[in-house]
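Taking UniProt numbering, I'd label the letters of the sequence shown as residues 1 to 230.
Ideal placement from N, C-alpha and C gives every residue a C-beta, glycine not left out.
Single-structure report; data block below.
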Amino acid sequence: MASPRKTEPTRPESTVSRTYRAAIRIGEDYVTLEETIVLPLDATDEEVQKAVDLGWRIYQAQRDAIEAQTASIREAQPAPQPPTVRDPDAPASERQRHYIAALQEDLSWTNEQLTAFAQEHRVDLVTMTKGQASAFIDSLKKLAEERQAYTTAPRSASGADGAVAARPSDHAPASEKQIDALRRLALQHHLDLEAEVQRRFETTPGELTSGQASALLREWQRPARRAVGE
Numbered sequence: 001m002a003s004p005r006k007t008e009p010t011r012p013e014s015t016v017s018r019t020y021r022a023a024i025r026i027g028e029d030y031v032t033l034e035e036t037i038v039l040p041l042d043a044t045d046e047e048v049q050k051a052v053d054l055g056w057r058i059y060q061a062q063r064d065a066i067e068a069q070t071a072s073i074r075e076a077q078p079a080p081q082p083p084t085v086r087d088p089d090a091p092a093s094e095r096q097r098h099y100i101a102a103l104q105e106d107l108s109w110t111n112e113q114l115t116a117f118a119q120e121h122r123v124d125l126v127t128m129t130k131g132q133a134s135a136f137i138d139s140l141k142k143l144a145e146e147r148q149a150y151t152t153a154p155r156s157a158s159g160a161d162g163a164v165a166a167r168p169s170d171h172a173p174a175s176e177k178q179i180d181a182l183r184r185l186a187l188q189h190h191l192d193l194e195a196e197v198q199r200r201f202e203t204t205p206g207e208l209t210s211g212q213a214s215a216l217l218r219e220w221q222r223p224a225r226r227a228v229g230e
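Quick look at the structure:
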């Protein structure tokens with residue numbers, strides 16, 4: 001009787017993999033998406049392109065689902081009650097003054113720039129009250145956040161190093177319609193458009209991006225609200 005023939009074990013197919021990560025910001029939340037593409041070493045250009053296209057479709061579907069889920073969660077949350085200031089008519093505290101000084105340093109402002117910004121908000125830095133200081137701090141914090149968003153936003157495409165792709169529309173030049181709208185609003189609010197743009201984004205109105213112009217338009221079109229404190 002013939003002995004059974006031994007079979008050689010099948011060698012696993014050699015493959016190469018690449019993982020792409022993207023940390024996306026949705027409102028105030030950050031979510032990391034990750035996709036891994038695995039292909040044989042002899043994959044053709046067409047197979048590589050198909051794998052990349054599939055990974056991109058999955059990424060888009062995941063992002064859309066996350067945005068929808070985040071929006072539904074926020075809608076279900078009750079609006080937080082605004083904080084109130086104790087003794088709003090009392091003189092500004094040392095803690096508030098130190099905070100304003102720290103924000104001034106973050107913005108790399110001179111005393112003259114800080115004073116000019118305070119005057120635009122009808123605040124006297126010497127005699128301001130707790131209520132005025134609290135509202136002024138909120139304005140400085142918002143300004144610092146806007147500047148950081150538009151000066152440090154990553155511009156590289158998503159890749160294996162986890163860099164985030166910037167939206168092309170945000171970094172495109174501002175349209176003439178946006179600039180004209182800013183000029184009208186600046187006149188309405190008695191603001192110096194050139195000075196305001198220089199302080200916020202360290203540029204000129206003609207060099208504004210679409211995202212920067214949109215941020216200013218949203219702020220200047222917002223109805224005035226009573227200032228609240230810490």
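Coil, strand or helix - residue i by DSSP
{"i": "residue 243", "result": "Only positions 1 to 230 of the chain appear in the structure, and residue 243 is not among them; the question remains open."}
{"i": "V38", "result": "strand"}
{"i": "A22", "result": "strand"}
{"i": "T32", "result": "strand"}
{"i": "S17", "result": "strand"}
{"i": "residue 250", "result": "Outside the displayed range of the chain (1 to 230) lies residue 250, so it cannot be described from this structure."}
{"i": "T44", "result": "coil"}
{"i": "T115", "result": "helix"}
{"i": "Q212", "result": "helix"}
{"i": "E196", "result": "helix"}
Cβ separation of residue i and residue j, assumed to be a contact under 8 angstroms, to the nearest whole Å
{"i": "E196", "j": "T204", "result": "That belief does not hold up - the Cβ atoms of E196 and T204 are roughly 11 angstroms apart, past 8 angstroms."}
{"i": "I137", "j": "L103", "result": "7 angstroms"}
{"i": "V52", "j": "I37", "result": "7 angstroms"}
Inter-residue Cα distance where the pair is residue i and residue j
{"i": "L217", "j": "L182", "result": "6 angstroms"}
{"i": "P168", "j": "E176", "result": "For P168, the predicted structure reports a pLDDT of 45, less than 50, and the residue's modelled location is therefore unreliable. The matter cannot be settled from this model."}
{"i": "S210", "j": "S139", "result": "22 angstroms"}
{"i": "R199", "j": "Q113", "result": "8 angstroms"}
{"i": "P154", "j": "A215", "result": "Interpretation of P154 is limited by its pLDDT of 46, a score under 50 that renders its predicted location unreliable; the figure taken from the coordinates is listed afterwards. About 18 angstroms."}
{"i": "D42", "j": "E105", "result": "56 angstroms"}
{"i": "A186", "j": "D192", "result": "6 angstroms"}
{"i": "A76", "j": "Q69", "result": "11 angstroms"}
{"i": "I221", "j": "T15", "result": "The sequence given here places Gln at residue 221; Ile does not occur at that position. When rounded, the distance between both Cα atoms is 56 angstroms."}
{"i": "A101", "j": "G206", "result": "31 angstroms"}
{"i": "M128", "j": "T115", "result": "12 angstroms"}
{"i": "L107", "j": "A118", "result": "14 angstroms"}
{"i": "P91", "j": "Y59", "result": "53 angstroms"}
{"i": "A174", "j": "E202", "result": "15 angstroms"}
{"i": "K142", "j": "W56", "result": "34 angstroms"}
{"i": "T44", "j": "T19", "result": "19 angstroms"}
{"i": "R97", "j": "K50", "result": "59 angstroms"}
{"i": "T110", "j": "L54", "result": "52 angstroms"}
{"i": "A23", "j": "A61", "result": "15 angstroms"}
{"i": "E120", "j": "V126", "result": "15 angstroms"}
{"i": "T32", "j": "D64", "result": "13 angstroms"}
{"i": "R95", "j": "D87", "result": "15 angstroms"}
{"i": "R184", "j": "A172", "result": "22 angstroms"}
Same chain only: Cβ atoms within 6 angstroms of residue i, ignoring 5 sequence neighbours per side
{"i": "E34", "result": "R21"}
{"i": "R122", "result": "none"}
{"i": "K89", "result": "The sequence shown places Asp at residue 89, not Lys. Excluding positions up to five away in sequence, the list reads T129."}
{"i": "V213", "result": "Inspection of the sequence shows that residue 213 is occupied by Ala rather than by Val. Within the same chain, A213 has close Cβ partners A174 and Q178."}
{"i": "E219", "result": "none"}
{"i": "L208", "result": "A174"}
Chain-order list of residues whose beta-carbon lies under 8 angstroms from that of residue i (same chain, five-residue window excluded)
{"i": "S93", "result": "K130 and A133"}
{"i": "A71", "result": "none"}
Contact set for residue i: own chain, Cβ-Cβ below 7 angstroms, skip 5 residues either direction
{"i": "V48", "result": "L39"}
{"i": "A144", "result": "L103, D106 and L107"}
{"i": "E146", "result": "R200 and A215"}
{"i": "H189", "result": "W220"}
{"i": "E13", "result": "P40"}
{"i": "S17", "result": "T36, I37 and V38"}
beta-carbon residue i near the ligand PLP non-hydrogen atom, thresh 8 angstroms
{"i": "Q96", "result": "The ligand PLP is not part of the structure shown, which contains no ligands of any sort."}
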